[in-house]
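Take a look at the structure set out below.
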Amino acid sequence: MPILTVRHVTTYHYAQPVAFGEHRMMLRPRDDDDQIVLESELEITPAPSQISWTRDIFGNHVATARFAERASELRVESTMRLRHAPTDFKEADIEDFARSHPFAYGEAERRDLARFLTPQSQHPRLDRWAAAFLREDGSADTHKLLVEMTQTINRTFKHVSRHEKGVQDPVQTLELASGSCRDLATLMIAALRSLGIAARFVSGYLHLDDDDDDDVGGNTHAWVQAYIAGPGWVDFDPSSGMFGNRNLVRIAVVDEPREAIPLQGTWIGTASDHLAMKVAVKVAAAADAECGALMCAGG
């Protein structure tokens, strides 16, 4: 089972010392069956006067920091090490009744999945786009439907970096045929929900392998999980066209993207005091020999 190390540093620069309000952080990976956190360290400068950890209704780790000091720089560094088990998505894993779409979730499942089945965007254009993955009679092979939608978004939409807050409406993403990873994920979630498939938004990190450079990297990322009877929640990354959790580290799963912001808070000063925000992310995999030793050390 590979070992991944993630280092995420966010730095805010101000023209003069300012006061800081409460800051909410979602930086610690989830404890799921396919990723197990071995170590997690959070360093904040200036040191907060109080920091508390909780879990939200989805089981995500949330840290809240409060400050007494003023400073001209706020630096938040999160370093974590985790075991990561790559998983695949095979048709044989799906329960027989759900291998063909449309299928019906059980009554208990529907209650638990209600928030992930609620349409995010209802628009004829979105419905037509989603229906294009079905046969003329409205049916489809469930595995093929999910994989084809993931790969079609990757192939036909332009993946761009977009620094504006929030996400595009799925219809706007269709019109532009482009969007950030969070926009493409939101489009796929809306399309799946329109077809009656439970889907949720995932935020985390993408491990980037570079065969020509020993200094591998990574970045923050967003993708989709769909709930399928049998395997349960399965990861689909429309930005890359990949399915399964390979190279993906989950931090938060939510029903709406605004609930998964990595770091948010307030500061007290004038508008001109804020100079810049810088974010640096590195995701690295341990070498095989080191990986074995680390797994032993990690228990």
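Counting from 4, one number per residue, gives the positions in the sequence shown under the working numbering. Positions of the beta carbon are idealized from the N, C-alpha and C atoms, including for glycine.
Sequence-distant partners of E80 (beyond 5 residues in either direction) whose C-beta falls short of 6 Å from its own C-beta, in its chain, are V12 and E46.
Between E151 and F136, the beta carbon gap of about 6 Å places them in contact (Cβ cut-off 8 Å). Using a 10 angstroms sphere on the CB of S164, the tally of other CB atoms stays under 16, which defines it as exposed.
Bounds of the beta strand (DSSP E) holding H26 are I6 to M28. For the pair P122 and R185, the CB atoms are not nearer than the 8 Å cut-off. Around E42, the same chain offers R84 as residues with beta carbons nearer than 6 Å, after the five sequence neighbours per side are excluded. For the pair of segments examined, the segment 98-114 was found not to touch the segment 244-258: the number of CB pairs separated by less than 8 Å stays below three.
Counting only the Cα atoms, S183 lies some 19 Å from M280. V174 is a Cβ neighbour of L129, given a cutoff of 8 Å. V256 and I6 have their C-alpha atoms roughly 22 Å apart. Nearest Cα to S124 within the set D258, G272 and H277: D258. CA-to-CA, the gap between G268 and I200 works out to about 34 Å. Under DSSP, R253 takes part in a beta bridge, and its partners are G207. Using a C-beta cut-off of 8 Å, the segment 25-37 makes contact with the segment 54-73, since at least three inter-stretch Cβ pairs fall below that distance.
By a beta-carbon distance limit of 8 Å, I156 does not contact G207. Their separation comes to about 18 Å. The residues D37, G247 and N248, in chain order, have a CB closer than 7 Å to that of T90 in the same chain once the five nearest residues on each side in sequence are set aside.
Nearest to T48 by C-alpha distance, out of R73, H64 and S55, is R73.
Put simply, the backbone Cα of T189 is about 31 Å away from that of H16. Under DSSP, H126 shares a beta bridge with no residue.
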